[in-house]
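Residue numbers (the numbering used here): 2 to 141.
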């Protein structure tokens with residue numbers, strides 16, 4: 002018998018299509034179910050459809066503000082469903098990090114992001130999950 006964790010649902014929001022799609026692909030390779038969106042409206046709709054456990058939002062979404070997108074996603078999700086919210090940005094300074102955390106993000110990552118940092122984020126997601134999603138599989 003083997004133990005298998007349910008795969009985390011992740012929403013990646015970045016106006017840079019290549020960045021969003023590459024990150025979603027990496028997350029899938031790490032065992033997640035990942036969805037990429039490139040603007041606020043489609044990200045909020047995807048959040049309602051997917052109910053992600055992790056949302057990674059680029060801080061500067063073209064003309065849109067990543068903090069506003071994060072808050073929009075939180076507003077449409079039920080209070081009992083609160084995903085881990087991660088700010089992803091190219092601005093690697095303490096002031097930006099502090100502002101993002103103060104505005105409601107749970108974690109802060111800078112571009113380019115190293116895979117180890119992503120693994121740490123996934124550990125936070127797993128630690129917040131109830132024990133129930135662990136499924137016992139019988140091997141043949």
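Beta carbons: idealized from backbone N, C-alpha and C, even for Gly.
In angstroms, rounded to a whole number, what distance separates the CA positions of residue i and residue j?
| i | j | result |
| --- | --- | --- |
| residue 62 | residue 51 | 21 Å |
| residue 87 | residue 108 | 5 Å |
| residue 122 | residue 25 | 14 Å |
| residue 31 | residue 94 | 28 Å |
| residue 35 | residue 128 | 19 Å |
| residue 102 | residue 89 | 12 Å |
| residue 55 | residue 73 | 15 Å |
| residue 9 | residue 124 | 11 Å |
| residue 19 | residue 37 | 10 Å |
| residue 46 | residue 33 | 19 Å |
From the DSSP output, read off the bridge partner residues of residue i.
| i | result |
| --- | --- |
| residue 87 | 57, 108 |
| residue 35 | 11 |
| residue 62 | 65 |
Assuming residue i is part of the alpha helix (DSSP H), what are its boundary residues?
| i | result |
| --- | --- |
| residue 97 | 95–103 |
| residue 27 | 18–30 |
| residue 123 | 116–129 |
| residue 41 | 41–51 |
| residue 73 | 67–77 |
Can we say the region 39–51 touches the region 65–82, given the rule of at least three CB pairs closer than 8 Å?
yes
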